[in-house]
Amino acid sequence: MNTSWTRSALAAALSTLLAACNGGGGSGSSYSGTDSNTPDTNKQPPAVALTPVDFNRLADSALHSCIADTGIEYQEQLQMLECADKNIQQLNGLEQFKNLRVLNIRMNEVADITPLTSLSSMSYLDVSHNKLSDISQLDALHQLNTLVAGNNEIHSVDVISQLPKLTRLYINHNRVASLEPLVSTTAIRHLAAEDNPAPMPSLLPVSLQTFSI
Numbered sequence: 003m004n005t006s007w008t009r010s011a012l013a014a015a016l017s018t019l020l021a022a023c024n025g026g027g028g029s030g031s032s033y034s035g036t037d038s039n040t041p042d043t044n045k046q047p048p049a050v051a052l053t054p055v056d057f058n059r060l061a062d063s064a065l066h067s068c069i070a071d072t073g074i075e076y077q078e079q080l081q082m083l084e085c086a087d088k089n090i091q092q093l094n095g096l097e098q099f100k101n102l103r104v105l106n107i108r109m110n111e112v113a114d115i116t117p118l119t120s121l122s123s124m125s126y127l128d129v130s131h132n133k134l135s136d137i138s139q140l141d142a143l144h145q146l147n148t149l150v151a152g153n154n155e156i157h158s159v160d161v162i163s164q165l166p167k168l169t170r171l172y173i174n175h176n177r178v179a180s181l182e183p184l185v186s187t188t189a190i191r192h193l194a195a196e197d198n199p200a201p202m203p204s205l206l207p208v209s210l211q212t213f214s215i
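The structure is reproduced here in structure tokens:
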């Protein structure tokens with residue numbers, strides 16, 4: 003093997019490669035390292051304005067304490083809230099948390115869920131073991147996937163016709179007079195509705211996989 007030729011060829015290849023990386027062709031231009039079509043990953047994303055939590059709007063002291071214990075400073079930070087068995091009576095002020103997706107307020111003394119009306123990001127809601135008689139205020143929660151509302155005093159489930167993504171409904175131990183609104187639903191897969199005065203509906207949703215009535 004001609005060693006000197008091999009070294010010369012290797013040196014020539016390296017020289018050609020370096021020339022290409024530096025712009026090559028004797029044009030005098032150099033590669034800047036940035037493709038005009040490549041996004042600049044060093045650019046900082048635009049700052050998002052955050053809204054401080056208004057604790058003065060949380061009139062219920064137990065709810066106030068539960069949210070304060072999370073340590074959040076801004077409304078946008080709260081996406082999940084666990085406030086079970088806290089002796090909460092009012093939800094006023096909760097409407098400021100627009101990013102809230104999961105809420106558990108079971109085993110409290112809540113009789114009015116109107117403050118939840120505007121929380122359109124909500125996907126999971128547990129209001130079981132409270133003092134609710136009306137859940138029609140949930141009609142705008144179109145992302146709601148699971149509703150746990152057993153052990154209340156609920157009279158009607160008409161609202162479920164407005165909840166297209168609801169797949170799990172637990173309304174056992176209430177005062178529901180009719181389960182006919184279930185007939186027109188297309189998403190519900192799991193249903194618990196025992197211990198209500200309502201008779202069996204005329205039809206069951208075709209989507210239903212498990213149920214107890």
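Take the sequence shown: its letters are residues 3 to 215, numbered as in the numbering used here.
For every residue, glycine included, the Cβ atom is placed at its ideal position computed from N, Cα and C.
Bear in mind that the values here come from a model prediction, so they are computed numbers and not experimental data.
Asked, Found
"Using the C-alpha atoms, what's the distance from N110 back to Q242?", "The chain is shown from 3 up to 215; residue 242 falls before or after that span and cannot be answered."
"Nearest CA to the CA of N174: which residue from S186, H157, D71 and S163?", "H157"
"If you run the structure through DSSP and keep just helix, strand and coil, what is I104?", "Reading the sequence as shown, one finds Val at residue 104 and not Ile. Reduced to three states, the DSSP call for V104 is strand."
"Among the residues of its own chain, which have a CB less than 6 Å from the CB of R177, if the five just before and after it don't count?", "E155 and H157"
"For F99, does the count of other Cβ atoms within 10 angstroms reach 16, so buried, or fall short, so exposed?", "buried"
"Grab me the residues of G28's own chain with a C-beta within less than 7 Å of its C-beta, minus the 5 sequence neighbours each way, in chain order.", "Note that G28 scores 41 on pLDDT, short of 50, meaning its location in the model is unreliable and no value can be drawn from it."
"Are A61 and N94 touching if we call contact CB-CB under 8 Å?", "yes"
"First and last residue of the alpha helix (DSSP H) that includes A194?", "Note, A194: premise wrong, no alpha helix (DSSP H); beta strand (DSSP E) at H192 to A194."
"Would you kindly check if the distance between the Cβ of L181 and the Cβ of P203 is under 8 Å?", "yes"
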